[in-house]
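Peer 1:
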Amino acid sequence: MMGFDCGHVLPSSLRGSNSQDNLYCQNAEINQMMCYTIEKDLNKLLMESVKESDHAGSKVKMQFLAEFNYDNPDFPTIPSSINYGYRLFRGNRVRFETTFNLPNPPS
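For the sequence shown, my numbering begins at 854 and goes up steadily by one.
Here it is in structure tokens:
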């Protein structure tokens, strides 16, 4: 569909697959600009946490949530926005957490 990319539910940089169940129609501008920045920042934070955990002997894990919203009757099979949540643990302690709504308007 024009103006859309194949977006990843779980970013490929976080080992999200290219399988059909991890892909959706995503606004191309948001995918290439906003999502790129978010993924880059999450990867940086994750790598810092891994380095810290290597010194402290603790494990790093991430919880991830994606909730799709379908509010546009003109595009009933394309999400109008996605609620995301990330929580990063080092050992049993939360090191970082964030939630945000990512818009997905038609181009």
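For every residue, glycine included, the Cβ atom is placed at its ideal position computed from N, Cα and C.
Over what stretch of residues does the beta strand (DSSP E) that includes N880 continue unbroken?
Peer 2: The residue given as residue 880 occupies position 27 in the sequence shown. 876-880 is the extent of the beta strand (DSSP E) around N880.
Peer 1: Which residues in the same chain have their Cβ closer than 7 angstroms to the Cβ of F949, if we skip the five residues on either side of it in sequence?
Peer 2: Residue 949 sits at position 96 when you count from the first residue of the sequence shown. L898, L941.
Peer 1: Based on the DSSP secondary-structure assignment, which residues constitute the bridge partners of L918?
Peer 2: Indexing the sequence shown from 1 puts residue 918 at position 65. In the DSSP output, where bridge partners are listed per residue, L918 has G938.
Peer 1: With the cut-off set at 9 angstroms, would you say P959 and F928 are in Cβ contact?
Peer 2: Working through the sequence shown from its first residue, we reach residue 959 at position 106. Working through the sequence shown from its first residue, we reach residue 928 at position 75. Yes, these two residues count as a Cβ contact at 9 angstroms.
Peer 1: Would you call the stretch 881-898 and the stretch 859-869 in contact, with 3 or more CB pairs under 8 angstroms?
Peer 2: Yes, the stretch 881-898 touches the stretch 859-869.
Peer 1: Could you check where the alpha helix (DSSP H) with T930 kicks off and where it finishes?
Peer 2: Within the sequence shown, residue 930 is the residue found at index 77, counting from 1. That residue, T930, is in no alpha helix (DSSP H); it is neither H nor E in DSSP.
Peer 1: Please report the straight-line C-alpha distance between E882 and D858, rounded to a whole angstrom.
Peer 2: What you label residue 882 is simply residue 29 of the sequence shown in a count that begins at 1. What you label residue 858 is simply residue 5 of the sequence shown in a count that begins at 1. Going from the Cα of E882 to the Cα of D858 covers about 9 angstroms.
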